[in-house]
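In the working numbering, the protein residues as written are 17 to 342. Heads up, the beta-carbon is just placed ideally off N, CA and C, and yes, glycines get one too. Just so it is clear, the structure is predicted and the values come from calculations on it, not from any experiment. What follows is a single structure, written as structure tokens, with notes after it.
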Ligand SMILES: [Zn+2]
Ligand SMILES: [Zn+2]
């Protein structure tokens, strides 16, 4: 099967301004083929890979009872607007996804424009969470000034007046030429609003399935300096967008099987209803892709959530560890 999309948008800002279709629904046929074994495995490591593969499948089954299936799609939600077939762990492996390599193992973070102190704290926490989530080192590059964005890649929203940056210009013209040799992915963060095309209101973020670049914005995540609750809400939103978009960089498609952070979301309400965690299908993709230990990964995420005051997520990760160890 071929990927039918290169770009995946997150949070399309409700309806387009002028009725264009912005996010293609994948047309590939769902595969019923069960891949019992990943090929291209060096002979010397077959036994180890075999044991890890089996352990992942066992972990997936243990985790399933903790996760909820999505209900019928409601008007305004992503699944109501876009028909997507989802992607099992086996389908993911079969599609030869983009993975870190020995030479390309760093998640490189590129801030664009200024961040106030509260959003700066969230950016720092988000980078920490990404390292734990993807089992990869991170490196933060010096910030780029907004002056690097030319006037033809900016606009002021004609109804709302928001100053916006063109996300596809950032991906194509700013990030791709700067992709470092050691980067598993190059991800830009900005506090400015984004738009993907002239016909759209805004976008939370955009990632490329093959080019290993992504960009996302905290502009619509609320003002974290207002209260502790506002800071936690903005942090949750930033973490969700960060891991969702970076998941796309590693070829994860939108999840339709469970309530999952890798599911498509169409607006902020839907994003707030979505969980911060991955479902059993998607977590096995990430653990396999990053050659991580699934329990170690949950332990690191649990420690982060306890420190950050993300109590719901801490309880969920703790429960996940319990069932994995049972
Ligand atoms: Zn997405
Ligand atoms: Zn999922």
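#### Entry: Helix, strand or coil at residue 103 according to DSSP, with G and I counted as helix
coil
#### Entry: Which of helix, strand or coil DSSP assigns to residue 108
helix
### Task
Would you list the residues sitting across from residue 156 in a DSSP beta bridge?
125
### CA nearest to the CA of residue 202, picked from 127, 215, 220
Ranking 127, 215, 220 by Cα distance to residue 202 puts 127 first.
### Query
Between residue 278 and ligand 2, is the CB less than 6 Å from at least one heavy atom?
In this structure, the C-beta of residue 278 approaches ligand 2 to less than 6 Å from one of its heavy atoms.
### Message
Quick check: residue 299 and residue 290, are their CB atoms within less than 7 Å of each other?
### Response
One thing to note: residue 299 has its Cβ no nearer than 7 Å to the Cβ of residue 290.
### Query
Is any heavy atom in ligand 2 found nearer than 6 Å to the beta carbon of residue 297?
yes
### Query
Going by other Cβ atoms of all chains shown within 10 Å of its Cβ, with 16 needed for buried, is residue 104 buried or exposed?
buried
### Task
Can you grab the Cα-Cα spacing for the pair residue 283 / residue 93, in whole Å?
8 Å
### Task
Can you give me the Cβ contacts of residue 324 inside the same chain, cut-off strictly under 8 Å, excluding the 5 residues immediately before and after it?
141, 248, 251
### Task
Please go through the same chain and pick out, in chain order, the residues whose beta-carbon is closer than 6 Å to the beta-carbon of residue 258, but skip the five residues on each side of it.
142, 146
### Task
Please check the pair residue 134 and residue 240, which I expect to be a contact at CB under 8 Å, by giving their CB distance rounded to whole angstroms.
4 Å
### Nearest candidate by alpha-carbon position, reference residue 217, set 106, 275, 173, 246
173
### Query
By a C-beta neighbour count over all protein chains shown, 10 Å radius and 16 as the cutoff for buried, is residue 260 buried or exposed?
Result: buried.
### Query
Tell me which same chain residues have a C-beta within less than 8 Å of the C-beta of residue 341, skipping the five on either side of it?
311
### Query
In whole angstroms, what is the alpha-carbon distance linking residue 304 and residue 139?
27 Å
### Message
I'd like to check one pair, residue 277 with residue 349: are the Cβ atoms closer than 7 Å?
### Response
Here the chain comprises residues numbered 17 to 342, so residue 349 is not present and cannot be evaluated.
### Message
Given 6 Å as the limit, tell me if residue 274 has its C-beta closer than that to any heavy atom belonging to ligand 4.
### Response
Among the ligands in the structure shown, ligand 4 does not appear; only ligand 1 and ligand 2 can be found there.
### Task
Could you pull the start and end residues of the beta strand (DSSP E) that residue 232 belongs to?
Start and end: 229–233.
### Query
Is residue 150 helix, strand or coil by DSSP?
Note: residue 150 maps to helix in three-state DSSP.
### C-beta atoms of residue 191 and residue 204 nearer than 7 Å
yes
### Task
Would you check if the segment 152–162 and the segment 220–232 touch, i.e. whether three or more CB-CB distances between them fall below 8 Å?
no
### Message
Once DSSP output is grouped into helix, strand and coil, what is the label at residue 98?
### Response
coil
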